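Engineer: Going by UniProt numbering, the sequence shown opens with residue 1, and the numbers climb by one from there.
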Amino acid sequence: MHGGDDGLAAVLDAVLTVGMYMLLFRAGRYFYERFLSGYATDPSQHGAATSRLFAVTFAASFALYLLLLSEIVGFLHASSRKLIWQINLNVLLVLLILMQPSAFWFTMLANYRLTKWRAALATLLAQLLLLYMLYKIGDPFFVDPHARTLSALQALLQFFTYEHVLSRVLIIGTTLLATISGFAAVNIPFDHISFFLRRVSAAQVEAMELRLSDAVQRVYRMKLADQKLNTGNGVSPSAVSNDEAHPAFSAEVLGSANLSVRDRGHTALAENAEHVPVPDPLFERQSSARTMTRSFSVKPSREELEFAVDEVNHLFENYNEALELWSRHLRSRSFSGRLLAAFGWVMLVACIVRVGGAIANVFVEFHRRNGNLTDNLSQGLHTASRVVGLEINAIVLAQYASFIFTFFLIVVNVRGALTRVLRLFLFVSLSNSSLAYPSAIMLSELIGLYAISSIVLIRNVLPRGYRLVIADALGDVKFSFFKRWFDSIFIVSAGAGTLMLALQHVRSYRRVEKSTRHLILGSGFRHIS
């Protein structure tokens, strides 16, 4: 009877597991179709295979987070969870090491119109080179301290064991995760705290807009004069109205996208501003009448025209940057802006604590002396209950607190992974649409590396029992080494991110100040309050 119950439980676990993977696979297909598939120039070429490969990697990656939660909640049988852990990790390693790189190189080489046989041969050579590089990664990082005593053949055969392959994959994934986390830790407070926003006044925005408008009209007159003098047409540039000037110029010099950004900037300001600089139509007509009636008897040189166009582009960048800063300043004064500022301060404190903990972990091995976060939490709850006089089960309460904290970490990691890889995909695909399929494959590789590395790091904040379960599933992995390696890269990444943001802030300040230093505002602008 007991065996029948175990068999029924195993069948139920299998059904639930298959259902979980089917839902994750469908979620991966939806994510691919919703965000990635529309950027390919030829949707029929490699599209179906790329979509399935992305969905399988998506399901295997995010199933790790569900398995981690199931360990805390007690969902599924213990033996079933262990088996699913091992199968999922092995499938994910095969995807990350063999299938994803091979598909990436094959689709990349197919863009160069190679035959299938030549593309397959080049893919095989690239895959062998990748495996060799992955094998050599273990040398400088001392993943296997006994490898130096082995022969070359023994070391090569040992590379194909589960623990060694996983350790080398974790080196790459942990480096990637630490780099992204370090930059995000300093960038999130910088984006949301109004204290770090450089102040830009309405007068500066007005001045830069006036200067940009003058530069646009000057380049238009130069190009129109060059065209008329080349064709020998006697039509004067003053015969062209101002309404005809801007559409022709916008498509040739600034581009329609630039002017649309400018219009959107004014719309955003009008929705949030208490007083926004808006050009006076009468002033524009008078200025246009003065500038457009100038005669052009001398053909402008090519160098002068190129210099004028470069000046317009430079002024537009400065103006657009100042307009964005002004809009962010206005949004920071709203209720939602104040909430984001409070969130930014919380993240700033968390960033400082995280960097301090990373430094302590790297240099003084703080974690060995102070134990585990959840163990300390249970001890603190037990002490607090004795002081207050309440009878509570500190271990159970700490377990629920650990579940909430782990769930929060998983949500943050999932959201961060999808957001960052989507931004990277858009950046690559918009610059070259032929790279849409290779980029999608590379992003699925990054998602897999991100997931498997974050599981190893989240393990460090779990209670001892859960840590042992994950350690049993992952095998003989040097968790302390990867924790210190993550902290080392995190410190370097956070420091580099802070330096880059500081330099960007100083550079932006100097650009706007230089653009408005020698300009005297006239009375040609009015304010809307």
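Yeah, the Cβ is synthetic: ideal placement off N, Cα and C, and Gly gets one too. Predicted model, so just to flag it, every value in this text is computed and none were measured.
#1: DSSP three-state label for Leu-340, please.
#2: How is the alpha helix (DSSP H) around Leu-69 delimited, first residue to last?
#3: Kindly confirm or deny that the region 22–37 and the region 50–58 touch, where touching means at least three C-beta pairs closer than 8 Å.
#4: Taking the continuous alpha helix (DSSP H) assigned at Glu-33, which residues delimit it?
#5: Let me make sure I understand the geometry here. Which of Leu-69, Arg-52, Arg-459 and Ala-451 has the alpha-carbon closest to that of Gly-173?
#6: Helix, strand or coil: how does DSSP classify Thr-161 here?
#7: Taking 7 Å as the limit between beta carbons, can you name the residues of its chain near Leu-16, skipping five residues before and five after?
#8: Tell me whether Ser-327 is buried or exposed, calling it buried when 16 or more other Cβ atoms sit within 10 Å of its Cβ.
#9: Take Leu-373 and list the residues in its own chain whose beta-carbon comes closer than 7 Å to its own, dropping the five residues that flank it on each side.
#10: Could you tell me which of Asn-88, Thr-107, Leu-96 and Val-200 sits nearest to Asn-318, measuring between CA atoms?
#11: Helix, strand or coil for Ile-447? Go by DSSP, reduced to three states.
#12: Between which residues of its own chain and Gly-475 is the CB-CB distance below 8 Å, once the five residues before and five after are set aside?
#13: Alpha carbon to alpha carbon, how far is Leu-130 from Met-347? Give it in angstroms, no decimals.
#14: Just the Cα atoms here: how many angstroms apart are Gln-100 and Ile-447?
#15: Run through DSSP, which three-state label would Ile-193 get?
#16: Name the residue from Phe-35, Lys-228 and Glu-209 whose alpha carbon lies nearest to the alpha carbon of Ala-322.
#17: Can you give me the C-alpha to C-alpha distance between Val-492 and Ile-441, rounded to a whole angstrom?
#18: Comparing C-alpha positions only, which one of Arg-113, Leu-339, Ile-84 and Val-309 sits nearest to Asp-191?
#19: Just to confirm, is the Cβ distance from Leu-64 to Ile-455 under 7 Å?
#20: Kindly indicate which residue of Ile-489, Asp-487, Trp-485 and Pro-463 has the alpha-carbon position closest to the one of Leu-69.
#21: Spatial neighbours of Tyr-32 within its chain, please: C-beta separation below 6 Å, excluding the five flanking residues on both sides.
#22: Can you say whether Glu-445 is buried or exposed, counting buried as having 16 or more other CB atoms within 10 angstroms of its CB?
#23: Report the three-state DSSP secondary structure of Ile-137 (helix, strand or coil).
#24: Using the three-state DSSP reduction, which class does Asp-13 fall into: helix, strand or coil?
#25: Relative to the alpha-carbon of Glu-304, which residue among Val-73, Ala-215 and Asp-13 has its alpha-carbon at the smallest distance?
#26: Check for me: the alpha helix (DSSP H) holding Tyr-112 runs from which residue to which?
#27: Compute the Euclidean distance between the alpha carbons of residue 532 and Val-506, then round it to the nearest angstrom.
#28: Could you tell me how far apart the beta carbons of Ala-178 and Phe-486 are, in whole angstroms, since I believe they sit closer than 8 Å?
#29: Which class does Asp-476 belong to by DSSP, given the choice of helix, strand or coil?
#30: Is the CB-CB distance between Ala-119 and Ala-110 below 7 Å?
#31: Going by DSSP in three states, Pro-463 sits in which element: helix, strand or coil?
#32: Secondary structure at Leu-503, three-state DSSP: helix, strand or coil?
#33: Classify Gly-465 as buried or exposed, calling it buried when 16 or more other Cβ atoms lie within 10 Å of its own Cβ.
#34: When we look at the beta-carbon of Ile-489 and count the other beta-carbons within 10 Å, is it buried (16 or more) or exposed?
#35: Between the Cα of Val-205 and the Cα atoms of Leu-98, Glu-324 and Ala-225, which residue gives the shortest distance?
#36: Can you tell me the Cβ-Cβ gap for Val-169 and Leu-96, rounded? I've got them flagged as a contact below 8 Å.
Structural biologist: Taking the coordinates as given:
#1: Under the three-state reduction of DSSP, Leu-340 is assigned to helix.
#2: Element bounds for Leu-69: 47–73.
#3: Yes, since at least three Cβ pairs between the region 22–37 and the region 50–58 fall closer than 8 Å, the two stretches touch.
#4: Per DSSP, Glu-33 belongs to no alpha helix (DSSP H) and is neither H nor E.
#5: The shortest C-alpha separation from Gly-173 is found at Ala-451.
#6: Coil, per DSSP.
#7: Closer than 7 Å at the Cβ level, and outside the excluded window around Leu-16, lie Leu-76.
#8: Only buried fits Ser-327, as 16 or more other CB atoms lie within 10 angstroms of its CB.
#9: Annotation note: pLDDT 47 at Leu-373 (below 50); position unreliable, coordinate value reported separately. So the qualifying residues of the chain are Val-461.
#10: For the set Asn-88, Thr-107, Leu-96 and Val-200, the Cα lying nearest the Cα of Asn-318 is the one of Val-200.
#11: Under the three-state reduction of DSSP output, Ile-447 falls in the helix class.
#12: So the qualifying residues of the chain are Tyr-162, Glu-163 and Leu-166.
#13: Going from the Cα of Met-347 to the Cα of Leu-130 covers about 38 Å.
#14: So the alpha carbons of these two residues sit roughly 11 Å apart.
#15: Looking at Ile-193 - three-state DSSP - the assignment turns out to be coil, as it is neither helix nor strand.
#16: Restricting attention to Phe-35, Lys-228 and Glu-209, the CA atom closest to the CA of Ala-322 is found in Glu-209.
#17: Each residue's alpha carbon lies about 28 Å from the other.
#18: Ranked by how close their Cα comes to the Cα of Asp-191, the residues Arg-113, Leu-339, Ile-84 and Val-309 have Leu-339 in first place.
#19: Judged by beta-carbon spacing, Ile-455 lies within the 7 Å limit of Leu-64, meaning their Cβ atoms are closer than that value.
#20: The residue from Ile-489, Asp-487, Trp-485 and Pro-463 with its alpha-carbon nearest to that of Leu-69 is Pro-463.
#21: Contacts found: Ser-51 and Phe-54.
#22: The residue is buried, with at least 16 neighbouring Cβ atoms inside 10 Å.
#23: Under the three-state reduction of DSSP, Ile-137 is assigned to coil, being neither helix nor strand.
#24: Assigned with DSSP and collapsed to three states, Asp-13 falls in helix.
#25: Put simply, of Val-73, Ala-215 and Asp-13 the residue whose alpha carbon is nearest the alpha carbon of Glu-304 is Ala-215.
#26: For Tyr-112, no alpha helix (DSSP H) encloses it, and the DSSP letter there is neither H nor E.
#27: Lying outside 1 to 529, the shown extent of the chain, residue 532 is not represented and no answer is given.
#28: Between Ala-178 and Phe-486 a beta carbon distance of about 5 Å is seen, short of the 8 Å cut, so the two are scored as contacting.
#29: Looking at Asp-476 - three-state DSSP - the assignment turns out to be coil, as it is neither helix nor strand.
#30: Between Ala-119 and Ala-110, the C-beta gap is smaller than 7 Å, which places the two residues in contact.
#31: Residue state, collapsed to three classes: coil.
#32: In the structure shown, Leu-503 sits in a helix (DSSP, three-state: H, G or I).
#33: Result: exposed.
#34: The residue in question, Ile-489, is buried, as its Cβ has 16 or more Cβ neighbours within 10 Å.
#35: Put simply, of Leu-98, Glu-324 and Ala-225 the residue whose alpha carbon is nearest the alpha carbon of Val-205 is Glu-324.
#36: Taking the Cβ atoms as the reference, Val-169 lies roughly 6 Å from Leu-96, within the contact range of under 8 Å.
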